[in-house]
Structures are given as structure tokens and as C-alpha cells.
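Q: I am attaching a structure below and will ask some questions about it afterwards.
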Ligand SMILES: C[S@@+](CC[C@H](N)C(=O)[O-])C[C@H]1O[C@@H](n2cnc3c(N)ncnc32)[C@H](O)[C@@H]1O
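Right, here's the structure in full:
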């Protein structure tokens with residue numbers, strides 16, 4: 295079998311997807327896109343020009359792409375629909391699409407994606423807190439988050455790995471108990487409230503009659519393992535040790551991934567660059583090693599870099615040479631740091647699809 299080579303398309307993404315449709319129909323495990331947001335902004339790449347080292351560096355600004363749409367929302371949505379349809383076709387039945395947008399178009403794209411994927415395949419709307427300092431506004435409230443719309447190709451076949459975030463002061467608070475094995479918190483083992491106790495059989499265990507949530511065998515096993523805590527009034531709970539927890543399972547509210555700052559090590563100067571931690575979380579939750587990951591609006595290349603670091607295969611595309619050049623530079627830097635050589639090809643795609 296021919297050895298797989300990761301691939302960068304330079305060109306219009308609809309043309310790139312058409313190029314892939316025969317060979318990769320229903321083959322891609324994860325597609326992440328961070329397309330134009332209908333923001334009405336022109337985006338640039340800021341680079342320090344190399345000149346006289348004794349002089350203050352000058353900032354060179356190169357245009358990358360324009361997110362202005364003469365035909366308004368109608369034109370934008372007409373642009374997105376055929377591309378989202380092609381992505382749907384390229385996904386494996388167990389695969390997923392993650393569409394990174396914000397308030398400008400998220401609700402329109404939700405309806406469009408419901409039509410393409412089926413309402414039942416909508417999995418999550420993830421809120422990513424993308425800045426700590428929203429712009430102040432004279433009316434309304436400063437926007438502080440982006441949205442990720444997550445769709446499964448087929449929700450009956452899609453699953454995610456639980457991902458964890460680091461504990462913080464608040465999540466550590468319940469771990470206020472300690473024994474010779476370390477800090478622990480208490481987990482209820484008795485049902486409470488009418489709904490949970492109704493119809494539940496009570497039984498006596500170690501001198502206490504209660505509507506237990508677990509079988510007597512399980513409770514006895516935990517007792518022998520020293521995992522049952524007895525409170526002063528004789529009630530039992532299970533001990534959950536902090537050392538056995540990987541962190542806090544991540545919900546649909548992502549507040550722990552910082553935006554890229556000018557001082558971040560991974561900062562490239564690309565104005566819409568997303569953090570590697572964001573892409574790593576997405577890739578780790580929805581793929582396994584060697585799975586195929588794609589991004590058809592790759593910009594500075596974050597998805598390719600994260601996929602390469604995590605041992606996934608990848609296909610990416612961008613219509614702008616300046617973006618592809620930046621990704622190639624990031625790959626070369628990583629090859630130098632890791633003292634390794636990555637295998638990838640660059641393909642120029644004829645732009646026959648407009649915009
Ligand atoms: C928001 S940026 C992506 C940023 C990226 N997530 C990152 O971390 O750097 C969107 C990118 O989509 C590209 N783009 C816009 N229209 C495109 C099209 N029709 N086909 C391919 N790429 C396109 C732009 O050139 C831009 O680099």
C-alpha cells in the first residue's frame with residue numbers, strides 16, 4: 295500500500311474537496327474549520343522586519359484575507375453551504391465536524407448544518423472564552439466568546455474521549471477530607487429526593503437501612519478497600535481520592551484555554567490564529583492516533599501542527615499563499631526542534647470556484 299503523506303492544498307477549498315471526493319469519500323474522522331465569520335474585517339499577518347539589529351524592529355503588515363461580503367449574509371451563506379455539504383460527504387460515519395464561528399453567523403449556520411447533517415446529529419454548542427478583556431460597548435455587552443458547533447456524521451456511531459482540565463481552586467474545594475492515602479471528597483451512595491428514592495428498594499447494610507444506589511456486593515468491596523467514609527451520624531459515603539482523578543472532565547464551557555497573545559511562544563502574527571491547546575483538545579477528544587484530520591480553512595496551520603504533534607494524519611487547505619508559507623515555516627521550525635523530518639506534500643489547486 296502506498297505510504298500516506300500528509301497534504302497541504304493551496305487553493306480554494308471547494309476545489310480541494312472536489313479533488314478529494316473520489317479517494318477520500320467517507321474517510322475523514324474529524325474536520326475542524328475556522329472559516330470567515332462574516333465579521334466585516336480585513337485580516338493581516340504582522341511580522342517584524344529583519345533589518346539593522348541595533349535599530350527598533352519595524353512591523354510589516356501583509357493582508358491575508360478579507361471577511362467582507364458585498365452581497366451580505368445571503369452571499370456568505372451561499373458560499374458556506376456547498377462547502378459544508380462536501381465536508382459532510384467526506385466524513386466517516388463515526389466522524390465529526392467542528393465549525394468555529396461567533397455570534398455573527400452561528401445561528402444561521404446551526405440551521406444550515408441541521409439541514410445538512412440532520413437535527414439529531416447536532417452534538418454540542420461549545421462556548422470558548424476567547425478573551426479576558428472584551429471591548430466595552432455603549433449598548434449591549436462586550437463579546438468574550440466564540441462558538442464551536444459540533445456535528446456527528448451519525449450520532450449513533452460517534453463517540454468522544456473524555457478530556458480533562460486542570461483542577462482550580464473551586465474544583466479543589468470539595469476535597470477537604472484527608473486520610474493516610476491523601477485528600478478526598480465524598481460521593482453520595484444513598485438516593486435522595488422523591489424521584490430518586492421512589493420505587494427504590496431499601497436494604498440494611500452494616501447497621502444502616504437506606505435506599506442505596508449500589509448493590510450490597512459493591513458496597514462491601516468498597517468497605518474492604520477502605521473507600522467508605524462514615525459520618526458522625528452514621529451515614530455512609532464513598533471516598534474519591536484527588537490523586538486518582540485526572541482533572542475535571544471538560545463540559546461545553548471552555549474557559550481554561552487562553553487566547554494567543556503577542557508574547558505567546560506559538561504566536562505567528564497571523565491575526566486569527568487559534569491556540570494549539572484548543573485544537574489539541576478537539577483532536578484528542580474526537581480522534582485516535584493515525585486517524586485522518588482535516589481543516590479546509592487552515593490559516594496559520596494550527597490544525598496541522600496539533601495533528602502532527604498528536605500523531606494523526608492530516609489534510610489542510612488555504613486559499614492564501616501567505617497562510618501556506620506560514621504553515622510550512624511552522625513545520626520546518628518543528629522539524630528543527632524535534633530533529634525529525636515530517637512527510638507532507640503541497641498541492642496547488644486551480645481556483646475554479648470563485649472567491
Ligand atoms: C480564520 S482563518 C483560520 C485561522 C486558523 N484557524 C489558525 O489557527 O490560524 C480563515 C482562513 O481561511 C482562509 N480562506 C478563506 N476563504 C477560503 C476558501 N474559499 N478556501 C480556502 N481557504 C479560505 C483564509 O485565507 C484564512 O487563512
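Numbering (our numbering), first residue to last: 295 to 649.
Where is the CB? At the ideal position from N, CA and C, for every residue including glycine.
(1) Counting beta carbon pairs with one atom in the segment 443-456 and one in the segment 375-393, are three or more of them shorter than 8 Å?
(2) Which one of 611, 478, 342 and 421 has the shortest CA to CA distance from residue 572?
(3) How far does the alpha helix (DSSP H) with residue 366 in it reach, from first residue to last?
(4) Check whether the Cβ atoms of residue 624 and residue 562 lie closer than 8 Å to each other.
(5) Run the CB neighbour count on residue 386, radius 10 Å, all protein chains shown included, and call it buried at 16 or more, exposed below.
(6) If you reduce the DSSP assignment to three classes, tell me which class residue 306 lands in.
(7) Please confirm whether any heavy atom of ligand 1 lies closer than 7 Å to the CB of residue 330.
(8) Below 6 Å CB to CB, which residues in the same chain sit around residue 553 once its five sequence neighbours on both sides are set aside?
(9) May I ask you to list the residues that DSSP assigns as paired with residue 341?
(10) Please state the DSSP three-state secondary structure of residue 609.
(11) In angstroms with no decimal places, state the Cα-to-Cα distance between residue 512 and residue 523.
(12) Span of the beta strand (DSSP E) holding residue 651?
(13) With respect to 7 Å, is the separation between the Cβ of residue 617 and the closest non-hydrogen atom of ligand 1 below this value?
(14) With respect to 7 Å, is the separation between the Cβ of residue 568 and the closest non-hydrogen atom of ligand 1 below this value?
(15) Answer yes or no: do residue 327 and residue 384 have a C-beta to C-beta separation smaller than 8 Å?
(16) Measuring only from the beta carbon, is residue 611 closer than 7 Å to any heavy atom that is part of ligand 1?
(17) Specify the secondary structure class of residue 638 as computed by DSSP and reduced to three states.
(18) List, from N- to C-terminal side, the alpha helix (DSSP H) runs of 4 residues or more that fit wholly inside the segment 453-540.
(19) So, at 7 Å on beta carbons, what are the nonlocal neighbours of residue 541 in its own chain, with the 5 sequence-adjacent residues on each side left out?
(20) For residue 325, write down the residues that DSSP places opposite it in a beta bridge.
(21) Using a threshold of 8 Å, state whether the C-beta atoms of residue 617 and residue 608 are closer than that.
A: To lay it out plainly:
(1) These segments touch.
(2) On the chain shown, residue 572 is found 278 positions in, with the first residue counted as 1. Checked all of 611, 478, 342 and 421; the closest Cα to residue 572 is 421.
(3) Taking the first residue of the chain shown as 1, we reach residue 366 at position 72. That run of the alpha helix (DSSP H) goes 366-384.
(4) The sequence position of residue 624 within the chain shown is 330, counting from 1. The sequence position of residue 562 within the chain shown is 268, counting from 1. Their beta carbons are under 8 Å apart, which means residue 624 touches residue 562 by this criterion.
(5) Here residue 386 refers to the residue found at position 92 when the chain shown is read from its first residue. Buried, because 16 or more other Cβ atoms sit within 10 Å of the Cβ of residue 386.
(6) Against the chain shown, residue 306 aligns to sequence position 12. The DSSP-derived three-state label of residue 306 is coil.
(7) As a first step, residue 330 is located in the chain shown; it is residue number 36 there, counting from the start. Correct: residue 330 has its Cβ closer than 7 Å to ligand 1.
(8) Indexing the chain shown from 1 puts residue 553 at position 259. In its chain, beyond the 5 residues on either side, 424 and 425 have a beta carbon closer than 6 Å to the beta carbon of residue 553.
(9) As a working mapping, residue 341 is identified with position 47 in the chain shown. Beta-bridge partners of residue 341 (DSSP): 354.
(10) As a first step, residue 609 must be located in the chain shown, where it is residue number 315. In the structure shown, the three-state DSSP call for residue 609 is strand.
(11) Counting from one through the chain shown, the residue named residue 512 turns up at place 218. Counting from one through the chain shown, the residue named residue 523 turns up at place 229. One C-alpha to the other measures close to 15 Å.
(12) Any answer about residue 651 is impossible in this case: the structure gives the chain only from 295 up to 649.
(13) Walking along the chain shown from the start, residue 617 turns up at place 323. Yes, ligand 1 has a heavy atom inside 7 Å of this Cβ.
(14) On the chain shown, position 274 is the one that residue 568 refers to. Yes, Cβ of residue 568 sits closer than 7 Å to a heavy atom of ligand 1.
(15) The count along the chain shown starts at 1 and reaches residue 327 at position 33. The count along the chain shown starts at 1 and reaches residue 384 at position 90. No.
(16) By 1-based counting over the chain shown, the position of residue 611 is 317. True, at least one ligand heavy atom lies under 7 Å from that Cβ.
(17) The residue given as residue 638 occupies position 344 in the chain shown. Strand.
(18) Taken in chain order, the whole alpha helix (DSSP H) runs of length 4 or more contained in the segment 453-540 are 463-466, 487-491 and 510-518.
(19) By one-based count along the chain shown, residue 541 stands at place 247. Correct list, in chain order: 458, 459, 460 and 461.
(20) To locate residue 325, count along the chain shown from 1; it is residue 31. Per DSSP, 391 and 588.
(21) For the purposes of this step, residue 617 is taken as the residue at position 323 of the chain shown. For the purposes of this step, residue 608 is taken as the residue at position 314 of the chain shown. Cβ atoms of residue 617 and residue 608: not closer than 8 Å.
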